[in-house]
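Participant: Let me give you the structure first, and then I'll get to my questions.
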Ligand SMILES: CC(C)(COP(=O)(O)OP(=O)(O)OC[C@H]1O[C@@H](n2cnc3c(N)ncnc32)[C@H](O)[C@@H]1OP(=O)(O)O)[C@@H](O)C(=O)NCCC(=O)NCCS
């Protein structure tokens, strides 16, 4: 399997949460801030992982561990939200784009109508991926939201 190929994480909820926490802990402080829209303390990080219940999760495995993870949350009325992150040392290799495209393809396959992505204004990488996917960009202060119609 290629190092950028995403596959679904079909785990028990405890195992999924453990995998998410392991991944979040391996992100740098700045990547964590980008992922969670601000500084996040260790205990909040653990609470976040331990209360996460994404409807769909994809991971990219490389060097024996998940280096990138995309979470898709169905929020109702045909809409969903995506959050994703790639370990710093593995960024810039196409993993984020592969995960994002896979998440959007899955949302389309499930006949969802749109996907929202929240990000900081300074986050050029995710902005680029949203625009590539046809998303609009709406900014409020330091935060942005992109809606991708499927
Ligand atoms: C956003 C993120 C997932 C992208 O993952 P990645 O594996 O580095 O992305 P890719 O390698 O697929 O690159 C995607 C595009 O973003 C571009 N990019 C990456 N960093 C960039 C930067 N600082 N400025 C401008 N473009 C950037 C890349 O050049 C690439 O475009 P190209 O192929 O046309 O050159 C990753 O940076 C990350 O985990 N960031 C922290 C968490 C986060 O921001 N999550 C999103 C909000 S939920």
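In our numbering, the protein residues as written are -11 to 138.
The beta-carbon is built from N, C-alpha and C at its ideal position, and this holds for glycine as well.
Note that the coordinates shown come from a computational prediction; the quantities given were computed from them, not determined experimentally.
Please report how far the alpha carbon of residue -5 lies from the alpha carbon of residue 127, in whole angstroms.
Facilitator: For the purposes of this step, residue -5 is identified with residue 7 of the chain shown, where counting begins at 1. For the purposes of this step, residue 127 is identified with residue 139 of the chain shown, where counting begins at 1. The straight-line gap from Cα to Cα measures roughly 32 angstroms.
Participant: Does DSSP classify residue 126 as helix, strand or coil?
Facilitator: Counted from its first residue, the chain shown places residue 126 at position 138. Strand.
Participant: Please report the distance separating the alpha-carbon of residue 102 from that of residue 43.
Facilitator: As a first step, residue 102 must be located in the chain shown, where it is residue number 114. As a first step, residue 43 must be located in the chain shown, where it is residue number 55. The straight-line gap from Cα to Cα measures roughly 15 angstroms.
Participant: Compute the distance between the beta-carbons of residue 14 and residue 75, then report whether it is under 7 angstroms.
Facilitator: Stepping through the chain shown from its first residue, residue 14 is reached at position 26. Stepping through the chain shown from its first residue, residue 75 is reached at position 87. It is a contact, given that the beta carbons lie within the stated cut-off.
Participant: With a cut-off of 6 angstroms, give the chain-ordered residues whose Cβ is closer than this to any heavy atom of ligand 2.
Facilitator: Among the ligands in the structure shown, ligand 2 does not appear; only ligand 1 can be found there.
Participant: Give the DSSP-derived three-state secondary structure of residue 83 in the structure shown.
Facilitator: The sequence position of residue 83 within the chain shown is 95, counting from 1. Correct three-state label for residue 83: helix.
Participant: Can you list, in chain order, the stretches of the alpha helix (DSSP H) that have 4 or more residues and sit fully within the region 24 to 63?
Facilitator: Entirely contained in the region 24 to 63, the alpha helix (DSSP H) runs reaching 4 residues are, in chain order, 30 to 38.
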